[in-house]
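Undergrad:
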Amino acid sequence: METLGIAKRLDEEAKGRIKIWPAKSNRASSLGRPCIRYHVLRRTRWNEMRAHDLGLQRVFDEGVAQEKIVLQRLMAIGVEVLEQQRAFRVPPRCQGCGHFRDMFQTTAACPECGTDDWYDYQITGHIDGMVDDGMGYHIPLEIKSMSPWAFNTLYSAEDLVETMLAGPPHHQTYPPQLLLYMKFTGKPRGAWLFKEKLAGRHHDPVIYLSPHEHIIEGLLDKARVINDHIEQKTEPDPINDYSICSACGFNHICLPGHEGKQAIMDAELEWYVDEKRKREDSIRDVKAEIRALEDEIKERTKGREEMIISGKYRCVPRTVNVKPREGYSYTKYEFQNATE
Ligand code: SF4
Ligand SMILES: [Zn+2]
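So this is what it looks like as structure tokens:
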């Protein structure tokens, strides 16, 4: 088909921006990924990571564009998003008492226990912004655009954090990211602003830090394990979980024989395939029921020549001659709604 060639140029431009950036710290936005080996390799062998493909770059671009649209809409309704893309770092922690170092602290010793032994988790990140929570406090806000399926799932979730943590891999990274921001900006509450990409629906659920402190501790422990590996120049064993490894940029290193076969992870596709199959199964059942009903109707009308009346239906049997076969005919029974 003849085209203007613009779509091709757009793809080429997007392809030109595909790049793997070195990771010098543990990123809050990806710390929810389950594979420790991934986090270690991301920092030590980042230049061997296979770049994502054009399809994923388009998805990333779409997310960035959606975020800009959401911010414009917020501005239009007078919701100020402050400190956009503010960088943050998890502060060092006292090894004596677990106290996190205050940014205004000028002394080397911990003000709580006097210990001079601080641990740096090397966790950094960015916050989409801070927003007024309606009670005069500014709390972290993360904007996430998503498919109708993801939106419906998260919209109707009874326990949002649990649903995310049990969901597709990219959903699993959402709570760790926001909770770390909340914890280390000293905010007891945080919020997401979900944008459904197809119909443009929005949802802005608020979560609280206190029931989720254990998740933060788990993430800090995880960062420490990663840091230890990097310091000792060791690499954890591959997890060999195909559902995760198949979409990982290091699978050519971890899974022998996997070279050149990197798969694209589309966790939501499973749902669509499942739903299609369920409906196909139900159609099959319905078709079987229809066939059984047809057999029953045939059985009850066979050989009848009089008009049949049944409730609101009536049927006048009519003889149909089959043209090519002289002398052959059959009786057709068509029920019509007698009340119409
Ligand atoms: S391929 Fe699998 S084991 Fe290797 S880093 Fe990626 S997720 Fe971890
Ligand atoms: Zn201390």
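Residue numbers (the working numbering): 746 to 1085. All residues carry an ideal CB built from backbone N, CA and C; glycine is no exception. Bear in mind the structure is a predicted one, so any value in this text is a computation, not a measurement.
Per DSSP, what kind of secondary structure is Ser1074 in: helix, strand or coil?
TA: For Ser1074, the secondary structure class from DSSP, reduced to helix, strand or coil, is strand.
Undergrad: So does Ile971 have its beta carbon nearer than 7 Å to some heavy atom of ligand 1?
TA: No; taking the cut-off as 7 Å, the Cβ of Ile971 has no heavy atom of ligand 1 nearer than that.
Undergrad: Is the closest heavy atom of ligand 2 to the C-beta of Thr860 under 7 Å?
TA: yes
Undergrad: Report buried or exposed for Gln922, applying the criterion of at least 16 other Cβ atoms within 10 angstroms of its Cβ.
TA: It counts as buried.
Undergrad: Quick one: residues with CB closer than 7 Å to any heavy atom of ligand 1, in chain order, please.
TA: Cys780, Arg782, Tyr783, Leu786, Pro983, Ile984, Asn985, Asp986, Ile989, Cys990, Cys993, Phe995, Asn996, Ile998, Cys999, Leu1000
Undergrad: Can you tell which of Gly1048, Arg969, Asp1030 has its C-alpha closest to the C-alpha of Leu776?
TA: When each option's Cα is compared against that of Leu776, the closest is Arg969.
Undergrad: From the DSSP output, in three-state form, read off Lys1023 for me.
TA: Here DSSP, grouped into helix, strand and coil, assigns Lys1023 to helix.
Undergrad: I want to check one thing, is the minimum distance from the CB of His797 to the heavy atoms of ligand 2 below 7 Å?
TA: Not under cutoff, so the answer is no.
Undergrad: Would you give the residue range spanned by the alpha helix (DSSP H) that Phe939 belongs to?
TA: Not the alpha helix (DSSP H): Phe939 falls in the beta strand (DSSP E), residues 934-941.
Undergrad: Ends of the alpha helix (DSSP H) at Ala810?
TA: In the DSSP assignment, Ala810 falls within the unbroken alpha helix (DSSP H) covering 799-821.
Undergrad: Under DSSP, the alpha helix (DSSP H) around Arg969 begins and ends at which residues?
TA: Start and end: 958-976.
Undergrad: Classify Val1065 as buried or exposed, calling it buried when 16 or more other Cβ atoms lie within 10 Å of its own Cβ.
TA: exposed
Undergrad: Kindly examine ligand 3 and report whether one of its heavy atoms sits closer than 7 Å to the Cβ of Glu857.
TA: You won't find ligand 3 in this model; what it holds is ligand 1 and ligand 2.
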